[in-house]
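Residue numbers (UniProt numbering), protein chains in the order written: chain W, 1 to 280; chain D, 1 to 350. Every residue, glycine too, gets a C-beta built ideally from N, C-alpha and C.
Here's what the structure looks like:
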């Protein structure tokens, strides 16, 4: 990039405009959600750039006891958290094998994992819905967690494989020369070093699992078991509007802002992970 | 990034330590056993949550349940084997209009959104690549649409597209965006592009960052303008990364569900996709037709992915293999300058 630096300084304003356009494109709708959430319900349709006056009524409406949104948030944390933990546990082993071991069918194994991540969720929701109905799993956490593994696991395996490959192999070899078995080398050398990569994978997996909608919508019909994304889409008018947009925006802020903060804190890592995995 | 050493770990190692030649065969067999051990939990789970449903859907699609009436008008209990009748009904029976509409919507959304996302994403990547100031801000803001849950972003756009919403206020017309008709389609496209174009931009940026800067200098010396540089250097060299991003977007667009479901609603003709159709049938306990829709969607995805990989040569698994070949052909190897683009092949044996 040093080569282009001289010419970029000459005409820098189009770049500034471009940067501003991207930031505006990405943040304007998000900004509108936050602003709308902080308006009074009566000002819902105001289009001033800032709420006048500011109000947290929409947020209070979200947490009214009969809405049960707190419970939905908890459900989301349980489902996305368990999915992430399981995924990380299984995915680390698989990724290590794909990154470090030399065995037959390695390409095939990697290909299968990638292919699985392209699977349309609905194609598995329909048969699993029937299965879970028959075995009484509707309205359970496992009915949401297990299908979520279908997209979380390939994503995590792919991410972790990339991270494992980036670590110098000499470390592991040195440990094995010093008398460690492969398993010990893995546990004592690789895992501690891979911790940042695993952390990034965990964040990405958690966000993707947290954002899941189709499975949670299908497998649960009991209000107390639904996840936050489903709960938001089902809010009914607390203030007598056709659709309680203010309340929904407030709930949207609650569901999104923690993710956005995490994303901002770890943006470098997440981008490296996303572009390495290449999977949403 | 001296990543070549990781391609064939054991062979490379044994080659450098020749006195362990006898241990090599043993090592490889051991590696095979270990690999099987390490991979089996993942594959067991994938078999349970993907292969089983796939087979089960295929089976269900050949049966009809619950909605048969016998000659006395009673509902027949249990599944009835109907062969390919579910598929025949879908393609040219009473439900055919709905199916072809959903098929058309799915294909239309896929083509329009992916085309726009590719162009916008490419533009974003170029801007980010050349940005001097505000890189951190751009990087952070580009991740925001990705982090917003699709269901929430659908609600957000539903709110902005509401009849008294901000978009109508800006354009000064009362358009009923989220009801039916082309407005509804447009609303879906806008919302989808907003959420995913930045993602395409990120993947493309990673591809841009490994293009050696010397190439541009050489081109400039030869008198090529920026337009020509883009078509002759940037585009061909970023193509592998771009193709993978586009493939992922295509497959994602084909299974689109949350966005039209929340933004427009269930059973709306203008925005019903194949996923929504299958889901709607399943939620009405028509498992046979639902499974048939799900199976058809699956095969549609497979066919599109296959054609894309075959025709355009998207190298999904060995994506960096192409990159590295390009890098080798290029004069200056500046791949080290690309922190955000770790090599991602090595799965492919040398």
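Buried versus exposed call for residue i [16 or more other C-beta atoms within 10 Å across all chains shown]
i              : result
residue 272(W) : buried
residue 281(D) : buried
residue 173(D) : exposed
residue 172(W) : buried
residue 188(W) : exposed
residue 303(D) : exposed
residue 288(D) : buried
residue 266(D) : exposed
residue 216(D) : buried
residue 310(D) : exposed
residue 66(W)  : exposed
residue 70(W)  : exposed
residue 170(W) : exposed
residue 91(W)  : buried
residue 221(D) : exposed
residue 187(D) : buried
residue 194(D) : buried
residue 261(W) : exposed
residue 135(W) : exposed
residue 17(W)  : exposed
residue 32(W)  : buried
residue 13(W)  : exposed
residue 298(D) : buried
residue 352(D) : The first residue shown for chain D is 1 and the last is 350, placing residue 352(D) beyond what the model contains.
residue 141(D) : buried
Coarse secondary structure for residue i, derived from DSSP in three states
i              : result
residue 80(D)  : strand
residue 180(D) : coil
residue 205(W) : helix
residue 222(W) : coil
residue 290(W) : Lying before the first or after the last residue shown, residue 290(W) is absent from chain W, which here runs from 1 to 280.
residue 30(W)  : helix
residue 245(W) : helix
residue 178(W) : coil
residue 172(D) : coil
residue 167(W) : coil
residue 132(D) : coil
residue 148(D) : coil
residue 67(W)  : coil
residue 243(D) : helix
residue 238(D) : helix
residue 98(D)  : helix
residue 173(W) : helix
residue 44(W)  : coil
residue 287(D) : helix
residue 281(W) : Residue 281(W) lies beyond the residue range present for chain W, which begins at 1 and ends at 280; the question has no answer from this structure.
residue 82(W)  : helix
residue 56(W)  : coil
residue 41(D)  : helix
residue 281(D) : helix
residue 256(D) : coil
residue 116(W) : helix
residue 138(W) : coil
residue 267(W) : helix
Beta bridge counterpart(s) of residue i as assigned by DSSP
i              : result
residue 275(D) : The partner list for residue 275(D) (beta bridge, DSSP) is empty, contrary to what the question assumes.
residue 63(D)  : 81(D)
Anticipated Cβ contact below 8 Å, residue i with residue j, distance rounded
i              : j              : result
residue 147(W) : residue 124(W) : 6 Å
residue 27(W)  : residue 166(D) : Actually they do not touch by this definition, with Cβ atoms about 14 Å apart.
residue 291(D) : residue 127(W) : 6 Å
residue 151(D) : residue 213(W) : 5 Å
residue 207(W) : residue 158(W) : The Cβ separation is near 15 Å, so there is no contact.
residue 64(D)  : residue 82(D)  : 5 Å
residue 234(D) : residue 211(D) : 7 Å
Between the segment 147 to 161 of chain D and the segment 177 to 190 of chain D, do at least 3 Cβ pairs fall closer than 8 Å?
-> yes
Are the segment 188 to 201 of chain D and the segment 108 to 121 of chain D touching, with three or more C-beta to C-beta distances below 8 Å?
-> yes
Does the segment 84 to 91 of chain W come close enough to the segment 190 to 206 of chain W to have 3 or more Cβ pairs within less than 8 Å?
-> yes
Is it a yes or a no for the segment 216 to 231 of chain W touching the segment 67 to 81 of chain W, going by three-plus beta-carbon pairs under 8 Å?
-> yes
Check whether the segment 162 to 171 of chain D touches the segment 78 to 94 of chain D, counting contact only when three or more Cβ pairs, one atom from each stretch, lie closer than 8 Å.
-> no
Given 8 Å, three or more beta-carbon pairs between the segment 31 to 48 of chain D and the segment 269 to 281 of chain D = no
At least 3 beta-carbon pairs within less than 8 Å: the segment 132 to 146 of chain D vs the segment 237 to 253 of chain D | no
Are the segment 90 to 105 of chain W and the segment 253 to 271 of chain D in contact at 8 Å, needing three or more beta carbon pairs?
-> no
Is the segment 174 to 189 of chain W touching the segment 106 to 122 of chain W in the sense that three or more CB pairs, one from each, lie closer than 8 Å?
-> no
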